[in-house]
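Inspection log for the structure reproduced underneath, given as structure tokens.
In my numbering, the protein residues as written are 1 to 132.
What follows is the structure in structure tokens.
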């Protein structure tokens, strides 16, 4: 895939996301929502950063299994049960993202959710990628 990250100077500076991603490729991979579930189906991690790391790792595992890499991500949506907590941990979450997915950010949104499918889950990520 080729991905052009578009961040117009007329918009606020993009930090930890891209305002738009123009993706060119031949395969689109839709990634189901991933929480901090371990291999036994149990939510692991007590804190938002711990759960975010596991949820992102799970999302990237699904992406790699489909033949993609983190650079192929065009869009990711984050669902958080506490947006204020998410904002408070944003620098730490950014470091987790950088370590696991690199610095090529997809278009992203964070959406507050009353609760997630797994009641212990604090965060869920879904998205799609475009592969060459």
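Think of the CB as a built atom: it goes at the ideal place given N, C-alpha and C, for glycine as much as any other residue. All figures in this text were calculated on a predicted structure; none of them were measured in a lab.
Beta-carbon spacing of residue 130, residue 74 below 9 Å: The residue labelled residue 130 in the question sits at position 130 within the chain shown. The residue labelled residue 74 in the question sits at position 74 within the chain shown. At a Cβ-Cβ threshold of 9 Å, residue 130 and residue 74 count as neighbours.
Exposure of residue 28, with buried meaning 16 or more beta-carbon neighbours within 10 Å: Here residue 28 corresponds to residue number 28 of the chain shown, with the count starting at 1. The residue is exposed, with fewer than 16 neighbouring Cβ atoms inside 10 Å.
CA-to-CA distance, residue 57 to residue 92, given in whole angstroms: For this step, residue 92 is matched to residue 92 along the chain shown. For this step, residue 57 is matched to residue 57 along the chain shown. One Cα belongs to residue 92, the other to residue 57, and the distance between them is close to 15 Å.
Expected contact under 8 Å - CB spacing of residue 68 and residue 16 to nearest Å: Here residue 68 refers to the residue found at position 68 of the chain shown. Here residue 16 refers to the residue found at position 16 of the chain shown. Actually they are not in contact, since the Cβ atoms of residue 68 and residue 16 sit about 20 Å apart, beyond 8 Å.
Residues sharing a beta bridge with residue 154, DSSP: Residue 154 is absent from the model: the chain starts at 1 and stops at 132.
Proximal residues to residue 132 (C-beta, below 6 Å), its chain only, five neighbours per side dropped: Indexing the chain shown from 1 puts residue 132 at position 132. Closer than 6 Å at the Cβ level, and outside the excluded window around residue 132, lie 1, 25.
Paired residues, beta bridge with residue 31 - DSSP: Walking along the chain shown from the start, residue 31 turns up at place 31. Looking at the DSSP output, residue 31 sits in a beta bridge with 127.
Residues that DSSP places opposite residue 18 in a beta bridge: Taking the first residue of the chain shown as 1, we reach residue 18 at position 18. Within the DSSP bridge table, the entry for residue 18 names 107 as partners.
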